[in-house]
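Quick note on the numbering used here: the sequence shown kicks off at 1 and runs consecutively.
Every residue, glycine too, gets a C-beta built ideally from N, C-alpha and C.
Encoded as structure tokens, the structure appears first; notes follow it.
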Amino acid sequence: MSQFPYEGWSFAGAREPSRFGACQLDDAPGVDHAVGPRGTLCGITGRPLTTYRHLFAPSAPHSCPRCTDLAAAAPTQPSTQERLHDRVLAAAPGEVRDALLAALRRGAAVRLWLDGPAATLTAHYARLGELTEGAGAAAGALASAARPGLAEVEAGELRYLVVLPDDGGAPVVARGPRTAR
Ligand SMILES: [Zn+2]
1 MSQFPYEGWS FAGAREPSRF GACQLDDAPG VDHAVGPRGT LCGITGRPLT TYRHLFAPSA
61 PHSCPRCTDL AAAAPTQPST QERLHDRVLA AAPGEVRDAL LAALRRGAAV RLWLDGPAAT
121 LTAHYARLGE LTEGAGAAAG ALASAARPGL AEVEAGELRY LVVLPDDGGA PVVARGPRTA
181 R
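What follows is the structure, given as structure tokens:
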């Protein structure tokens, strides 16, 4: 099992490169380009192209060098921990919320993040019966949102549950011991 907190972990260091879809020009096949806002990222527009399910692979032998350069220069994206941290900031202040924010800043693993799943699925993953702090509020938030999102964070011996209302309301944070599934 990996150690937590992770030595030297930071939001800045954990940011991820932007990823792009892959496409090829129909009249110049064999070269992958990154999908840009209009046509290819390297600026080819107005020519028929086919997009693929796989992502653009920068620096691959069949990849356009200009697209590779532009993909590398694109702004990095926040890690899962940073994105969840920014959502949890809106939760009601309290010891559990603050401990979760601190854990996310140290790289605690986000094991699950469901956005607006079916209520039965959410209840299954929430495991409300295992929570020891904030269980009532979490159950209430789950019951009152039409399509609640759910995130689960594991930090040491603790499991945090975050209920994310789909109406932009404040997230609700609960906590319990980490148990085997
Ligand atoms: Zn290109």
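For the beta strand (DSSP E) that contains residue i, what are its first and last residues?
{"i": "Leu131", "result": "Per DSSP, Leu131 belongs to no beta strand (DSSP E) and is neither H nor E."}
{"i": "Ala22", "result": "21–25"}
{"i": "Pro29", "result": "28–34"}
{"i": "His54", "result": "49–55"}
{"i": "Ala174", "result": "172–177"}
For residue i, name the three-state secondary structure that DSSP assigns.
{"i": "Ser144", "result": "helix"}
{"i": "Glu157", "result": "coil"}
{"i": "Gly13", "result": "helix"}
{"i": "Pro93", "result": "coil"}
{"i": "Ala74", "result": "coil"}
{"i": "Ala60", "result": "coil"}
{"i": "Arg111", "result": "strand"}
{"i": "Thr122", "result": "helix"}
{"i": "Ala45", "result": "The sequence given here places Thr at residue 45; Ala does not occur at that position. Thr45 falls in the coil class under three-state DSSP."}
{"i": "Ala180", "result": "coil"}
By the DSSP assignment, the alpha helix (DSSP H) with residue i in it spans what residues?
{"i": "Leu84", "result": "80–88"}
Exercise for the section: Mind listing which residues have their beta carbon within less than 7 Å of any non-hydrogen atom of ligand 1? Chain order is fine. Expected result: His33, Ala34, Thr40, Leu41, Cys42, Ile44, Cys64, Arg66, Cys67
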